[in-house]
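Colleague: Residue numbers (this note's numbering): 1 to 160.
Glycine is no exception: its CB is placed at the ideal position from the N, C-alpha and C atoms.
#1: Let me know the secondary structure DSSP gives residue 120 once reduced to three states.
#2: Would DSSP call residue 49 helix, strand or coil?
#3: Cβ of residue 136 within 9 Å of Cβ of residue 89?
#4: What are the start and end residues of each continuous alpha helix (DSSP H) run of 4 or more residues lying completely inside the segment 31–117, in chain order?
#5: Count the other C-beta atoms from every protein chain shown that fall within 10 angstroms of the C-beta of residue 115, then say buried if there are 16 or more, exposed otherwise.
#6: Out of 138, 86 and 123, which one is the CA nearest neighbour of residue 66?
#7: For a quick check, are the C-beta atoms of residue 46 and residue 101 less than 9 Å apart?
#8: Is it right to say residue 107 is buried, meaning 16 or more other beta carbons lie within 10 angstroms of its own, or is it exposed?
#9: Whole angstroms are fine: how far does the CA of residue 87 sit from the CA of residue 72?
#10: Quick one: using the 10 Å Cβ neighbour count with 16 as the cut-off for buried, is residue 35 buried or exposed?
#11: In terms of residue numbering, what span does the beta strand (DSSP E) encompassing residue 137 cover?
#12: Is the CB-CB distance between residue 40 and residue 105 below 9 Å?
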């Protein structure tokens, strides 16, 4: 009798575990916001022009009114290899986070939806063609907050 209960619980648990990934679907922002991925940085500005970032913020969040603070951004001051620039950021209470940069033609790097009770503490490696700004914007309690750091790239990550 105990063996049957154990096997029944095991089979039920296996079904629940198999169904869990289908309940946690990620949003495909390339389909949902296709115009965001077309926003470009001015290559002649050598990573200093923030117009692409500002346009991307407005396209993703609906407004470009941002405040400084509430985001902890870590990135190296000098990246010896632009092909693998480590970036980590934390934004407690965030519902949506966008990672952008000014060093490549494409402005937006990634957009994250934070699940309810999720811990928005991310670490990624990005490519940077040249010296530029790494920008993180987060929607926290209905307000937009921004963190920005300049990363000097000594060897470009896009063939440079």
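Modeller: Here's the rundown:
#1: Working through the chain shown from its first residue, we reach residue 120 at position 120. Note: residue 120 maps to coil in three-state DSSP.
#2: By one-based count along the chain shown, residue 49 stands at place 49. In the structure shown, residue 49 sits in coil (DSSP, three-state: anything other than H, G, I, E or B).
#3: Indexing the chain shown from 1 puts residue 136 at position 136. Indexing the chain shown from 1 puts residue 89 at position 89. Their beta carbons are under 9 Å apart, which means residue 136 touches residue 89 by this criterion.
#4: 51–61
#5: Walking along the chain shown from the start, residue 115 turns up at place 115. Answer is exposed; the Cβ neighbour count stays below 16.
#6: For this step, residue 66 is matched to residue 66 along the chain shown. Among 138, 86 and 123, the Cα nearest to that of residue 66 belongs to 138.
#7: Taking the chain shown and counting its residues from 1, the one referred to as residue 46 is at position 46. Taking the chain shown and counting its residues from 1, the one referred to as residue 101 is at position 101. No; because the gap between Cβ atoms is not below 9 Å, this pair is not in contact.
#8: Within the chain shown, the letter at position 107 stands for residue 107. The residue is buried, with at least 16 neighbouring Cβ atoms inside 10 Å.
#9: Here the question's residue 72 lines up with position 72 in the chain shown. Here the question's residue 87 lines up with position 87 in the chain shown. Looking at the two C-alpha atoms, the distance is approximately 11 Å.
#10: Along the chain shown, one-based indexing puts residue 35 at 35. By the 10 Å Cβ count, residue 35 comes out exposed.
#11: Against the chain shown, residue 137 aligns to sequence position 137. Element bounds for residue 137: 132–140.
#12: Stepping through the chain shown from its first residue, residue 40 is reached at position 40. Stepping through the chain shown from its first residue, residue 105 is reached at position 105. Contact: yes.
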